[in-house]
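Reading through the structure tokens given below for one structure.
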Amino acid sequence: MQHWARRLEQEIDGVMRIFGGVQQLREIYKDNRNLFEVQENEPQKLVEKVAGDIESLLDRKVQALKRLADAAENFQKAHRWQDNIKEEDILYYDAKADAELDDPESEDVERGSKVSTLRLDFVEDSNFKNKVNYSYTAVQIPTDIYKGSTVILNELNWTEALENVFIENRRQDPTLLWQVFGSATGVTRYYPATPWRAPKKIDLYDVRRRPWYIQGASSPKDMVIIVDVSGSVSGLTLKLMKTSVCEMLDTLSDDDYVNVASFNEKAQPVSCFTHLVQANVRNKKVFKEAVQGMVAKGTTGYKAGFEYAFDQLQNSNITRANCNKMIMMFTDGGEDRVQDVFEKYNWPNRTVRVFTFSVGQHNYDVTPLQWMACANKGYYFEIPSIGAIRINTQEYLDVLGRPMVLAGKEAKQVQWTNVYEDALGLGLVVTGTLPVFNLTQDGPGEKKNQLILGVMGIDVALNDIKRLTPNYTLGANGYVFAIDLNGYVLLHPNLKSQTTNFREPVTLDFLDAELEDENKEEIRRSMIDGNKGHKQIRTLVKSLDERYVDEVVRNYTWVPIRSTNYSLGLVLPPYSTFYLQANLSDQILQVKYFEFLLPSSFESEGHVFIAPREYCKDLNASDNNTEFLKNFIELMEKVTPDSKQCNNFLLHNLILDTGITQQLVERAWRDQDLNTYSLLAVFAATDGGITRVFPNKAAEDWTENPEPFNASFYRRSLDNHGYVFKPPHQDALLRPLELENDTVGILVSTAVELSLGGHTLRPAVVGVKLDLEAWAEKFKVLASNRTHQDQPQKCGANNHCEMDCEVNNEDLLCVLIDDGGFLVLSNQNHQWDQVGRFFSEVDANLMLALYNNSFYTRKESYDYQAACAPQPPGNLGAAPRGVFVPTIADFLNLAWWTSAAAWSLFQQLLYGLIYHSWFQADPAEAEGSPEARESSCVMKQTQYYFGSVNASYNAIIDCGNCSRLFHAQRLTNTNLLFVVAEKPLCSQCEAGRLLQKETHSDGPEQCELVQRPRYRRGPHICFDYNATEDTSDCGRGASFPPSLGVLVSLQLLLLLGLPPRPQPQVHAHASRRV
């Protein structure tokens, strides 16, 4: 076998030396040494420059934010509250007006709204990826807020003055994107105006639940939610509690920590989490699923619930927010005030706020619940029906904002958010936030107002930040990344735009964006701590097509981005320390090389694909490379490579590489007969963006990415020494009939390494494309006991000779497998159509033996950014969401009709007529929204790579009654494993199959992960206490209980089937008047 292996190695090396053109290309670069310079990437200087540029970009947004916040506070202070304000008095552009006018079931159409809505004209703006109007702001009001209420009309009145500030900000900085004021009343006013991108059925957007608003409106939180599950909690009330807890969880961000427990006589966590955990998306999902399993039984024991909650908050042995501490209790009512618990745990300092929620319709005395909240600096809320859940589970933020408001200027600090998906289609953004305070006083000498008016925000698109980073000087495998204090990536080549659910923040951890190891954990910790650093490490990287894993060397360099919570990193392979910069000052040479880009030259010089880069501002992009090349040529006939509107570095390097690869055609390819060695094509790809494929006809079957930096073969060749084989990717079997006319090929590529002036760099990759069928036949001959001239001699009982892969193919299986475990060549004709498949799907028993004998190592990881098809609806899909369904016994029971449950059910049905979304299985899955098509999910990925065994190796596969001998050996200077094995003789050998295909997963076990949380740091500021805080406003229940007349009228409307006119929503916060 070793003899066969040497013959294979020599054949591959010979073909690559003759046709690959590595040596010829080296000579060409040296001959053209006067046409380029060798430049150095100095990591420390590069990363510091980029960090400074990002800091300057964000600082300009900060100045605009401060102007807006100051103006808003002054406008509101000067505003005079109007009790008698009318809808027709307010003129503004309602961003949802067009959609509502088109929808006959819209609430405003039903009400015959008198609001004077502007009708605007819009122009397309590529910066916003939207149609906008720069002369006006737009207003978005949540669906469950009545636009004609006095509070909302006054809010619209005073915020109108912000329009001129928005416009002036844009005049001073034309690069500004969305400028937004999110009001604590729920009103969003943003600039420039654009129609709201609402789903077709129901718009559940509320600015107060957006990540940027939550972060700007309060300091981080440690929250314990306790839920009364005693027997008195009816089916309807328990459903309301479950929904309320889920909505409460949605008000928390990754800077917060939370736990959820249920209680009756005893308290216990609802999930596997035994302590506070970070309120990230995955942990909140565990809570939401666990909450649905709560069952009501036993008696109410407030003491057990509160003692559990206080113990959780006093646990100092865990990672937590260490700022606002609070307990949220959901109950149907009770008489115990548990004063002794508060005296023991919370008084006299009252460092823990207590918020109480009376849930459902009942006749209990709510005084004890009000007392608990008022005695512990909290607030009392009532949730009588499903319609009150969203508003009452978010208004606690107003209370938490009090210390911030009272801190005044000290609290006026800009914070930058995690990455999230913009609701208006801008893509991935970060937002700078600044709280806006109420500066009014009720009278001379009165206490300072404690209300937060809202949060001002300015978006920065991640693409704008990426433009500040080096594009093509870092090489195909170099990149810039940035992380925040949570370790989440702000910039990273593996960060994908999130199209499944814009309501969730994009929280991809640095250790999930890359393959995790101890070195990267240290780098991540140092970056979070705001340190500078540099480290060279050996690490694993995943290939672009996610089929392979390579062990590589990388240099990491990092610095903090001042005035932000971000840290910037630069990753460079050693071979990318230097790069080429073309110096084509000779215009005659420019024209000469440019002519080799013209399609008229392709027949003699080979087909040229050019990378679709931004060479010039006026260059029209296209996904079709032929069309893109045509656009490029047309533009070059109008401008020169030195034009100011063009990127001179990109253009000069592109034209230089066009000429250099053409010279390769002349010196190495043109006079060679590719058919002699069964080659379909030869090719060269360069850092400058050229991919030249010879002969021209081979371009018809060329499927690699025209951008070399995005081509898997290119990036892997740079990271691996020797020849890298890449079989065609196959997810399903190809019919043998499809293997015809030389259309299926195997790519073999290798990097061209130059040594110039003592500097080593790899500016190009060259290779060949093997004819699969011809090389499969050649493989059998090379792995046989004959020369090309000999006739094959079959070994049997009568002649004593060694078996081989050609004549004994009925008894021997001979294969070449690449470093990812994919079949490259086989001596079995029936396996030719399986080339490119994971070998376990071809011969599961043999692949398992190779893995068990350390020829392969497995690497498992999770893709947290995957998008999956929606799950089919369950049996309850059409049932009203969270609505209690009375039994026949209930209907026959006269007492039931006079109970609170009957009224609550009636209220649910009435609310459902107005807000149809509550009668959907899931309001997020509204028709027309992305969620209806896809949802975010976790996929488990498995890759294989060569293990520690390098030598030739024999082993026996023992499968019970039969055994199977195999021999395996790595081929030198390739990524191939040569395996010769006896064919399986019995079916028992088919047991055990390694899986490589990506599969659905729940991810790693969250209950175990929280026991070893990743290092993070919270925001540097905390406002959770102020001695002057007035806690007397602590909730008084519903301000306006329904009258008998209203009840009778509503019931008549329901019985007659007429659409009811909803009453304005009035909340207990009378002090919200501004």
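Positions in the sequence shown are counted from 1; adding 114 to them yields my numbering.
All C-beta atoms, glycine included, are put in the ideal place defined by N, C-alpha and C.
Beta-carbon separation of residue i and residue j under 8 Å?
i: Pro157; j: His648; result: yes
i: Ser332; j: Gly515; result: yes
i: Gly935; j: Tyr1058; result: yes
i: Ala252; j: Val343; result: no
i: Lys580; j: Leu553; result: no
i: Thr545; j: Ile572; result: yes
i: Val246; j: Val528; result: no
i: Lys163; j: Trp310; result: no
i: Tyr729; j: Leu768; result: yes
i: Asn824; j: Leu684; result: no
i: Leu1128; j: Leu625; result: Sequence check: residue 1128 is Arg here, not Leu. Against a cut-off of 8 Å, the Cβ pair of Leu625 and Arg1128 comes out as a contact.
i: Leu427; j: Ala393; result: no
i: Ala307; j: Val673; result: no
i: Gly76; j: Thr1088; result: This structure leaves residue 76 out entirely; the chain is present only between 115 and 1188.
i: Leu711; j: His766; result: no
For residue i, which beta-bridge partners are listed by DSSP?
i: Tyr970; result: Phe1060
i: Cys730; result: Cys760
i: Ile931; result: Leu937 and Leu1091
i: Leu629; result: Beta-bridge pairing links Leu629 to no other residue.
i: Gln153; result: Tyr693
i: Gln529; result: Thr547
i: Met1053; result: Asp977 and His1114
i: Trp672; result: Gly647 and Gly683
i: Met115; result: For Met115, which the question treats as bridged, DSSP gives no partner whatsoever.
i: Asp623; result: Tyr602
i: Glu924; result: Answer is none; Glu924 lacks a bridge partner.
i: Phe377; result: Asp342 and Ala381
i: Leu654; result: Glu665
Ends of the alpha helix (DSSP H) at residue i?
i: Leu160; result: Pro157 to Ala192
i: Val136; result: Val136 to Asp145
i: Leu514; result: Tyr510 to Leu514
i: Arg829; result: Ser826 to Asp833
i: Thr357; result: Gly349 to Leu363
i: Met917; result: Here Met917 belongs to no alpha helix (DSSP H), and DSSP marks it neither H nor E.
i: Val279; result: Leu276 to Gln286
i: Gln329; result: Pro325 to Ala331
Can you name the start and end residues of the beta strand (DSSP E) that residue i belongs to?
i: Val880; result: His873 to Asp885
i: Leu686; result: Ser681 to Leu686
i: Val265; result: Val265 -> not in any beta strand (DSSP E); alpha helix (DSSP H) instead, spanning Thr264 to Thr273.
i: Asn506; result: Where Asn506 is concerned, there is no enclosing beta strand (DSSP E), although the alpha helix (DSSP H) it sits in stretches over Ile503 to Asn506.
i: Met750; result: Element bounds for Met750: not the beta strand (DSSP E) but the alpha helix (DSSP H), Asn739 to Met750.
i: Val1189; result: Only positions 115 to 1188 of the chain appear in this structure, which leaves residue 1189 out of reach.
i: Gln382; result: Ala381 to Pro383
i: Gln1083; result: Cys1076 to Arg1084
i: Lys245; result: Asn244 to Val246
i: Met570; result: Ile566 to Ala575
i: Asn438; result: Asn438 to Thr445
i: Ile702; result: Not the beta strand (DSSP E): Ile702 falls in the alpha helix (DSSP H), residues Gln701 to Phe708.
i: Gly859; result: Gly859 to Leu870
Whole-angstrom Cβ separation of residue i and residue j, contact assumed at under 8 Å?
i: Ser1115; j: Val1052; result: 5 Å
i: Ile804; j: Thr775; result: 6 Å
i: Leu682; j: Val594; result: 7 Å
Just to check, is the beta-carbon of residue i closer than 7 Å to a non-hydrogen atom of the ligand MG?
i: Leu778; result: Summarising the ligand content, the structure contains no ligands, and the ligand MG is consequently not present.
Worksheet item: At a cut of 8 Å, does the region 442-462 reach the region 474-487 through at least three beta carbon pairs?
Response: yes
Discussion item. Closer than 8 Å is the cut-off here; do at least three beta carbon pairs connect the region 933-948 with the region 881-897?
Written reply: Yes, the region 933-948 is in contact with the region 881-897.
Practice prompt. Examine the Cβ distances between the region 136-153 and the region 773-788 and report whether three or more of them are shorter than 8 Å.
Written response: yes
Worksheet item: Using 8 Å as the threshold, is the region 750-761 in touch with the region 783-802, meaning 3 or more CB pairs across them?
Response: no
Worksheet item: Would you call the region 335-351 and the region 362-378 touching, i.e. three or more CB-CB distances under 8 Å?
Response: yes
Discussion item. Between the region 1081-1088 and the region 812-831, can you find at least three pairs of beta-carbon atoms closer than 8 Å?
Written reply: The answer is no - the region 1081-1088 does not touch the region 812-831, with fewer than three Cβ pairs under 8 Å.
Discussion item. Check whether the region 434-445 and the region 456-476 are in contact - that is, three or more C-beta pairs closer than 8 Å.
Written reply: yes
Worksheet entry | Segment contact flag, the region 268-277 with the region 320-334, C-beta cutoff 8 Å, min 3 pairs | No, the region 268-277 is not in contact with the region 320-334.
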